[in-house]
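Novice: Before anything else, here's the structure in question.
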Amino acid sequence: MAMLEVKNLSISFGGLKAVDDFSVTIEKGQLYGLIGPNGAGKTTVFNLLTGVYRPDTGSIFLDAQNITGKRTIEINQEGIARTFQNIRLFKELSVLDNVKAGLHNHYKYSTLEGIFRLPRYYKVEKQMDERAMELLKVFELDGEWDYKASNLPYGKQRKLEIARALATKPKLLLLDEPAAGMNPNETAELMETIRFVRDNFDMTILLIEHDMKLVSGICERLTVLNFGQVLTQGETTEVLNDKRVITAYLGE
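The opening position of the sequence shown corresponds to residue 175 in the numbering used here, with each subsequent residue numbered one higher.
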């Protein structure tokens, strides 16, 4: 069953087609890669999927529900969460509070209960603390729960961003260059983390990545974008051996 079905998605900026007739189908539980040279339109696709941009044409279905044109918060509530190429944490908040920020769609109390610290406020906060700590343990960050997010090493900030995204209980997780800036050891650890998330959270994952070792090591299928258009799609080994893909990356 398709978790994500995108049909003929296009958007232009200033008369220039940034994404042109993009289509993809991603099955539930799949680990799917979106690759291509710099400026190919990959992050624009993510911005379309998450409501940052509204497409000029085309449609987006998540788990058979049409989410085309919905606002970012509505799309997150429907079940899409993402991370960013440039890490976007609440850097002055604690590690724990960053994860709790992702829980607010599912754990609620009224403004009145919050202002006057009524019993429900403490009950919900306790539930959120417990759930956030569970997620932090998955990423081995529970020992640093009270650190400022900005004080974590770079690789752990990446993990924290994924943990916060998972706190929203997504069906589909979008990872925008999760290995950017990582050393080989951190990248290898990240690969294991991504596999763990897919297998243990019943997650479908779509990732943008330039690290071909990571892509070939974890992605089951790939779509290659070039100049906003789909160059090719298919199983990972087949795509990475396609001469058109090699040419696109080498610029030959």
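No residue lacks a Cβ here, since even glycine has one placed at the ideal position from N, Cα and C.
Note that the structure is a prediction, hence the values are computed from the model and not measured.
Indicate the three-state DSSP secondary structure (helix, strand or coil) for methionine 365 in the structure shown.
Specialist: Note: methionine 365 maps to helix in three-state DSSP.
Novice: Between proline 344 and alanine 255, is the Cβ-Cβ spacing less than 8 Å?
Specialist: Yes, Cβ-Cβ distance for proline 344 and alanine 255 is below 8 Å.
Novice: Roughly how many angstroms separate the alpha carbons of phenylalanine 258 and isoleucine 241, rounded to a whole number?
Specialist: About 21 Å.
Novice: Just the C-alpha distance for glutamine 403 and glutamate 299, rounded to the nearest angstrom, thanks.
Specialist: So the alpha carbons of these two residues sit roughly 46 Å apart.
Novice: I'd like to know if the segment 333 to 340 and the segment 304 to 318 are in contact, where contact means that at least 3 CB-CB pairs between them fall below 8 Å.
Specialist: Taking 8 Å as the limit for Cβ pairs, the verdict is that the segment 304 to 318 does touch the segment 333 to 340.
Novice: Using CA atoms only, rank isn't needed, just tell me which of Arg228, Ile234, Gly317 is closest to valine 269.
Specialist: Comparing Cα-Cα distances from valine 269 to each of Arg228, Ile234, Gly317, the minimum goes to Gly317.
Novice: Within its chain, find whatever has a CB closer than 7 Å to the CB of glutamate 426; leave out the 5 residues flanking it on each side and keep chain order.
Specialist: Legend: pLDDT at glutamate 426 = 43, less than 50; position of this residue unreliable, no value from coordinates given.
Novice: Do glutamate 383 and glutamate 351 come within 8 Å of each other at the CB atom, strictly closer than that value?
Specialist: Yes, the pair counts as a contact, with Cβ atoms nearer than the cut-off.
Novice: Among Asp237, Tyr296, Val219, which residue has its Cα nearest to the Cα of aspartate 231?
Specialist: Note that residue 231 corresponds to threonine in the displayed sequence, not to aspartate. Out of Asp237, Tyr296, Val219, Val219 has the C-alpha closest to the C-alpha of threonine 231.
Novice: What do you get for lysine 244, buried or exposed, if any count of 16 or more other CB atoms within 10 angstroms of its CB means buried?
Specialist: Lysine 244 is buried by the Cβ-count criterion.
Novice: Please return the same chain residues whose Cβ sits closer than 8 Å to the Cβ of alanine 341, not counting the five positions on each side in sequence.
Specialist: Val273, Lys274, Ala275, Gly276, Leu277, Arg305, Ala306, Leu309, listed in sequence order.
Novice: Exposed or buried, glutamine 325, counting other C-beta atoms within 10 Å across all chains shown (16 or more means buried)?
Specialist: Correcting the residue type first, residue 325 is asparagine in the shown sequence and not glutamine. By the neighbour-count rule (16 or more Cβ atoms within 10 Å), asparagine 325 is not buried but exposed.
Novice: Hey, methionine 177 and lysine 202: beta-carbon distance below 8 Å or not?
Specialist: The answer is yes: Cβ separation under 8 Å.
Novice: Who pairs with alanine 255 in a beta bridge, going by DSSP?
Specialist: Answer is Leu347, bridged to alanine 255.
Novice: Pop quiz: glycine 210 and leucine 399 are said to be a contact at Cβ under 8 Å. What is the actual Cβ separation, rounded to whole angstroms?
Specialist: Yes, glycine 210 and leucine 399 are in contact; Cβ-Cβ is about 4 Å, under 8 Å.
Novice: Would the beta-carbon of glutamine 251 fall within 8 Å of that of asparagine 221?
Specialist: In this structure, asparagine 221 does not lie closer than 8 Å to glutamine 251 by Cβ.
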